[in-house]
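Below is one structure, written out as structure tokens, with a few remarks after it.
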Amino acid sequence: IYSCFFFFKQKTAYEIYQCDWSSDVCSSDLAGIVYYHISRYNDAILTLKSSIYYNKEKRDYEEAIFWLGKAFLKIGQTDSAINTFIQLAYMKSDYAPMAMYKLYFIYRGKNDKKNEKYWLLNLADTNTPFSLAAYWNLGWFYYTSGNFKKALYYFNKTNHRSEEHTSELQSH
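Residue numbers for the sequence shown follow our numbering, beginning at 41 and rising by one.
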């Protein structure tokens, strides 16, 4: 409750009603995320689109793009979500691996093997914590496709990366 109060006390009622985020672009991201969490997805979409528009010049809108894609998914606009996540996946952003992971799950749900594999391979190359999940999912992808040699390769890669990660944690 406090965080919502803190956000709203910074905006006038008129600005909130009009979705005018030009005076405080950070608040628009927060408002969009709040709308998402209270299941007001259409309001989240309008607010996040506005935030992205006002932040384009500063290139400080990656989080808004991520939540926009999630909101599109919630209202069943899968194609809009895909386009949004693809835009984010090709940006040099901390949110790019999360967008790739979302794309993988979308295409997996659509049973689109070509795009499912494409996004897993891209995700594996990010060298982030998502890479480990990508290796395992690639192993599963090839296993269920009957390509056991490639499945074993990716499952072994998962184990190797997991051991690296464990030794990194132990060295700190």
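We treat Cβ as the ideally placed atom computed from N, Cα and C, and that holds for glycine.
Annotation: residue 96 is outside any alpha helix (DSSP H) and is labelled neither H nor E by DSSP.
In the three-state reduction of the DSSP assignment, residue 120 falls in the helix class, which pools H, G and I. Residue 140 sits in a helix when the DSSP states are folded into three classes. Within its own chain, the residues whose Cβ lies closer than 7 Å to the Cβ of residue 157, once the five positions on either side in sequence are excluded, are 181, listed in chain order. In this structure, residue 81 lies near residue 114, with their beta-carbon atoms less than 9 Å apart. With at least 16 other beta carbons inside 10 angstroms of its own, residue 125 counts as buried. Secondary structure note for residue 175: its alpha helix (DSSP H) is the uninterrupted segment 169-184. In this structure residue 102 is not in contact with residue 130, their Cβ atoms being roughly 11 Å apart against a cut-off of 8 Å.
If you ignore the 5 residues before and after residue 143, its C-beta comes within less than 6 Å of the C-beta of 125, 159, all in its own chain and listed in chain order.
From the listed residues 179, 93, 173, 154, the smallest Cα separation to residue 137 is found for 173. Note that the C-beta distance between residue 183 and residue 197 is not below 9 Å.
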